[in-house]
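Student: My questions all concern the structure below.
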Amino acid sequence: MKGGVRKRGKKWYYYFDAGIVDGKRKKVERVGGNTKKEAEKSLRDAINEYENAGIVFDETNMSLSDYLNFWYKEYVLLNCKYNTQESYRNLIENHIEPRLGKCKLKSINPAIIQEFLNNKSKETYTQNGEEKHYTKGVLKAIYVVLNAALKSAVYPYKLIKENPVQYASIPKNVLKVKNESDNKTITLDEFNKILEIYPKNTNIYIPLLIGFHTGMRKGEILGLCWDNVDLDNNIIKVRKNLIKRKVSEFELASPKTKTSIRDIKIGDTLSRILKEEKLNQKKQKLKLENGIKKLSMIGFVEKKMAHL
Numbered sequence: 001m002k003g004g005v006r007k008r009g010k011k012w013y014y015y016f017d018a019g020i021v022d023g024k025r026k027k028v029e030r031v032g033g034n035t036k037k038e039a040e041k042s043l044r045d046a047i048n049e050y051e052n053a054g055i056v057f058d059e060t061n062m063s064l065s066d067y068l069n070f071w072y073k074e075y076v077l078l079n080c081k082y083n084t085q086e087s088y089r090n091l092i093e094n095h096i097e098p099r100l101g102k103c104k105l106k107s108i109n110p111a112i113i114q115e116f117l118n119n120k121s122k123e124t125y126t127q128n129g130e131e132k133h134y135t136k137g138v139l140k141a142i143y144v145v146l147n148a149a150l151k152s153a154v155y156p157y158k159l160i161k162e163n164p165v166q167y168a169s170i171p172k173n174v175l176k177v178k179n180e181s182d183n184k185t186i187t188l189d190e191f192n193k194i195l196e197i198y199p200k201n202t203n204i205y206i207p208l209l210i211g212f213h214t215g216m217r218k219g220e221i222l223g224l225c226w227d228n229v230d231l232d233n234n235i236i237k238v239r240k241n242l243i244k245r246k247v248s249e250f251e252l253a254s255p256k257t258k259t260s261i262r263d264i265k266i267g268d269t270l271s272r273i274l275k276e277e278k279l280n281q282k283k284q285k286l287k288l289e290n291g292i293k294k295l296s297m298i299g300f301v302e303k304k305m306a307h308l
């Protein structure tokens, strides 16, 4: 019987071909452990169990970790954008699996979910030597992932009868916990100090100005193309988002949500600066590297990525 192990994120998984089950070829893949050796042992045990008892996938004993792996492969990877995939994977591996991964899917109830959220709201982590609480945004993100995953377990997968997450809630006290850096608005004086470090003709001068004048996100600025800038009417059209897939691999994609697709009216100051930049790029015949040669992009030069 064919099988193997592979690492995904921080976990090792085992898989094997269980042959034809109910007229369809069945492939089994489950969490095998934290190391390759543990996964190889789990693989041997699983194959032995199948060959001796014909057990392929016992839904009643399925752990939440196994289910989340299944849901991630069958739904998230097929329906979500790359950044969302990475965000979900991070939340699952670093927050959900360590606390709930070993629980049986069918045994998870609202009380377990609520206790998990309550404990998470009290947890702290260390950043730059300072102890902090998780913010409302992190708790909400964890809730969203759990809710989406277990909602799918009800339908279309029909593994559980009801979604226990719908009866749980984020503790109210966590909504008041904010780190000092949250939602901080930069002042003009602070921005001018930044420009003293990155003045005109430095790599990120133009991206910084676009961000300050428009409030655009980093990926939107780096993915901004000249054909989406109407300098006659002073309008920037947000239509693309540059995402980083690997160390030196980037992808120009559509924005994550429909509301991110928008037109931004800019002032005369930024318009004048962009006209100068466009003329300067034409003079230098600036071309984008890394495989997207036909696009003339404003904000993206590979060296800028180290700073932004």
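Under the UniProt record's numbering, the sequence shown has 116 at position 116, and the numbering climbs by one with no breaks. Cβ atoms here follow ideal geometry from the backbone N, Cα and C, with glycine treated the same way.
#1: What is the DSSP secondary structure of N128, reduced to helix, strand or coil?
#2: Using 8 Å as the cut-off, can you tell me whether the region 87 to 103 makes contact with the region 144 to 157, which would need three or more C-beta pairs spanning the two stretches below that distance?
#3: Check each candidate in H213, E130, K36, L150 and name the one with the smallest Cα separation from S65.
#4: I need the straight-line Cα distance from I108 to A253, nearest angstrom please.
#5: Are three or more beta carbon pairs between the region 34 to 52 and the region 208 to 226 nearer than 8 Å?
#6: Would you say Q281 lies against chain C (beta-carbon separation less than 7 Å)?
#7: Is it right to say L242 is buried, meaning 16 or more other beta carbons lie within 10 angstroms of its own, or is it exposed?
#8: Excluding five sequence neighbours on each side, which residues of the same chain lie with their C-beta closer than 7 Å to the C-beta of L78?
#9: Provide the residue span of the beta strand (DSSP E) that contains A253, from first to last.
#10: Roughly how many whole angstroms lie between the Cα atoms of Y157 and T135?
#11: When DSSP labels each residue in this structure, what does G219 get in the three-state scheme?
#12: Going by Cα to Cα distance, which pick from V238, I221, L91, E162 is closest to L105?
#13: If you check the beta carbons only, do I266 and N234 fall under 7 Å apart?
#14: Does the distance between the C-beta of L139 and the nearest non-hydrogen atom of the ligand NAD fall short of 6 Å?
#15: Can the beta-carbon of D263 be found closer than 7 Å to that of K237?
Tutor: Looking at the coordinates:
#1: coil
#2: yes
#3: L150
#4: 37 Å
#5: no
#6: The structure shown contains no chain C, having only a single protein chain.
#7: buried
#8: none
#9: 249 to 253
#10: 32 Å
#11: helix
#12: E162
#13: yes
#14: With respect to small molecules bound, the structure shown includes none, and the ligand NAD cannot be examined in it.
#15: yes
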